[in-house]
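Visitor: Starting off with a structure, shown below.
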Amino acid sequence: GQNIDQPTEMTATEGAIVQINCTYQTSGFNGLFWYQQHAGEAPTFLSYNVLDGLEEKGRFSSFLSRSKGYSYLLLKELQMKDSASYLCAVRDNYGQNFVFGPGTRLSVLP
Amino acid sequence: DVKVTQSSRYLVKRTGEKVFLECVQDMDHENMFWYRQDPGLGLRLIYFSYDVKMKEKGDIPEGYSVSREKKERFSLILESASTNQTSMYLCASGGTSGSSTDTQYFGPGTRLTVL
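Going down the list, the sequences are from chains A and B. Numbering follows my numbering, in which position 65 of the first sequence is assigned residue number 65; successive positions increment by one, without gaps. Numbering follows my numbering, in which position 42 of the second sequence is assigned residue number 1042; successive positions increment by one, without gaps.
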């Protein structure tokens, strides 16, 4: 079966660092993606991992361990505009299908 | 910039009506997808298409059908709308299957309410 887990909600303070975890069990794997979705808007692409390790992109970093079926998204120097839902998604072996997690709603407080 | 557009942002229909949701992308992507998004359930795949006139069922195809007559356009059809189809519907498109970084690009979504 296909299963992706993320915490439902997280709260953090402006300027802080937050780590959003994602665990997955999927029948195939050809990359893990993170998306950001503000309320009422479409998801937008944040990051991509296909090999183990850390990918850094400005204030955002994403980590992958394929053997553990685990990823995290790290957000540094949090800003109020980072308040959004963060979706973890796994692409299947054939590169066509994405399986999405339920999303983590992050609230950044002043 | 990739652009994915959907025909309506908000739609209100009555039970039993036939509903058409249209999606158009301008990046010549082969793959197009229809999802619904419900609180606590995340994005669930309804149907996808990897070529013109080709379609594949996703995880929750019951009560839906799709049409892809042209590469840039992918339509979702609710043959007889029911209240449990009230949801946010998101269309997405993506590039060549298997490419290392091909992500999915999403349209703005259609919030459908069935009364």
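Beta carbons: idealized from backbone N, C-alpha and C, even for Gly. Every value quoted in this text rests on a predicted model; they were computed, and no experiment measured them.
Verify the CB distance criterion: does Q1104 of chain B have a CB-CB separation below 8 Å to chain A?
Guide: Stepping through the second sequence from its first residue, residue 1104 of chain B is reached at position 104. Interface residue, yes.
Visitor: Going by Cα to Cα distance, which pick from A:E77, A:F63 and A:G103 is closest to V18 of chain A?
Guide: Residue numbering aside, residue 18 of chain A sits at position 18 when the first sequence is read from its first letter. Per the Cα distances, A:E77.
Visitor: For Q6 of chain A, which three-state DSSP category applies?
Guide: Within the first sequence, the letter at position 6 stands for residue 6 of chain A. Three-state result, Q6 of chain A: coil.
Visitor: Look up N1084 of chain B in the DSSP assignment and say whether it is helix, strand or coil.
Guide: Here residue 1084 of chain B refers to the residue found at position 84 of the second sequence. It is helical.
Visitor: Taking the DSSP output, what are the residues bridged to R59 of chain A?
Guide: For the purposes of this step, residue 59 of chain A is identified with residue 59 of the first sequence, where counting begins at 1. According to DSSP, R59 of chain A bridges with nothing at all.
Visitor: Need the endpoints of the beta strand (DSSP E) that T44 of chain A sits in, please.
Guide: If you number the first sequence from 1, residue 44 of chain A lands on position 44. Its beta strand (DSSP E) spans residues T44 to N49.
Visitor: Is M1027 of chain B helix, strand or coil by DSSP?
Guide: Start at 1 with the first residue of the second sequence, and residue 1027 of chain B comes out as number 27. Three-state DSSP puts M1027 of chain B in coil, outside helix and strand.
Visitor: Using the Cα positions of S1087 of chain B and G1107 of chain B, report the straight-line distance between them to the nearest angstrom.
Guide: In the second sequence, counting from the first residue as 1, residue 1087 of chain B sits at position 87. In the second sequence, counting from the first residue as 1, residue 1107 of chain B sits at position 107. Their backbone Cα atoms lie some 15 Å apart in a straight line.
Visitor: Please name the residue in A:G15, A:V108 and A:Y24 whose C-alpha comes closest to that of Q2 of chain A.
Guide: Against the first sequence, residue 2 of chain A aligns to sequence position 2. Ranking A:G15, A:V108 and A:Y24 by Cα distance to Q2 of chain A puts A:Y24 first.
Visitor: State buried or exposed for H38 of chain A, treating a residue as buried only when at least 16 other CB atoms are found within 10 Å of its CB.
Guide: Taking the first sequence and counting its residues from 1, the one referred to as residue 38 of chain A is at position 38. Label assigned to H38 of chain A: exposed.
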